[in-house]
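Chemist: Handing you a structure now.
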Amino acid sequence: MNLIEEFNTYRSQMNEKIMASDNKVIKRFFNLDTNTYAEGALDVKTKEMIGLACSMVLRCDDCIKYHLGKSYEAGMNREEVFEVFSIATIIGGSIVIPHLRRAVEYWDLLEKEGNKNV
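Here it is in structure tokens:
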């Protein structure tokens, strides 16, 4: 199992467990998150770019992987993703660089594997 499959499998399994708890607050938060990234005044690709930049600045590797996958699905290309990386690095500073390295590794894998694992 590669890094993409591992991440997606773990995320799905844990989300199922979390949702099975039937906690109203958690369910509402998950729904809010889902609706935030839906098509609206901004297209999905733009919203994912924003989510990716914020995730990098907040240094959340799981969030970065998630938004990279969604950005890839939304049609973001390598040039666009590196512009988002540059914005996040400028905003977050040098502490973002380790996350940038892992993000580049994950993006390379997304490009190599194509959509089959997203």
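Heads up, the sequence shown is in UniProt numbering, so the first residue is 1 and it goes up one at a time.
Using N, Cα and C, we set each Cβ at its ideal position, and we do this for glycine too.
Compare the Cα-Cα distances from E80 to each of G93, V96, I50 and report the closest residue.
Modeler: Locating residue 80 in the sequence shown gives position 80, where the first residue counts as 1. The residue with the shortest Cα to Cα distance from E80 is I50.
Chemist: Where does G40 sit, in a helix, a strand or coil, going by DSSP?
Modeler: For the purposes of this step, residue 40 is taken as the residue at position 40 of the sequence shown. Three-state DSSP puts G40 in coil, outside helix and strand.
Chemist: Where does D22 fall in DSSP's three states?
Modeler: If you number the sequence shown from 1, residue 22 lands on position 22. The answer is coil: DSSP assigns D22 none of H, G, I, E or B.
Chemist: Take A103 as the anchor and find which of N2, R59, A20 has the nearest alpha-carbon.
Modeler: Counting from one through the sequence shown, the residue named residue 103 turns up at place 103. The candidate whose alpha carbon is nearest that of A103 is R59.
Chemist: Measuring alpha carbon to alpha carbon, tell me which residue in C54, F85, D108 is nearest I97.
Modeler: Locating residue 97 in the sequence shown gives position 97, where the first residue counts as 1. Selected option, being the one with the closest Cα: F85.
Chemist: So, using beta-carbon positions, are L100 and M56 closer together than 8 Å?
Modeler: Counting from 1 along the sequence shown, the entry for residue 100 is found at position 100. Counting from 1 along the sequence shown, the entry for residue 56 is found at position 56. Yes, these two residues count as a Cβ contact at 8 Å.
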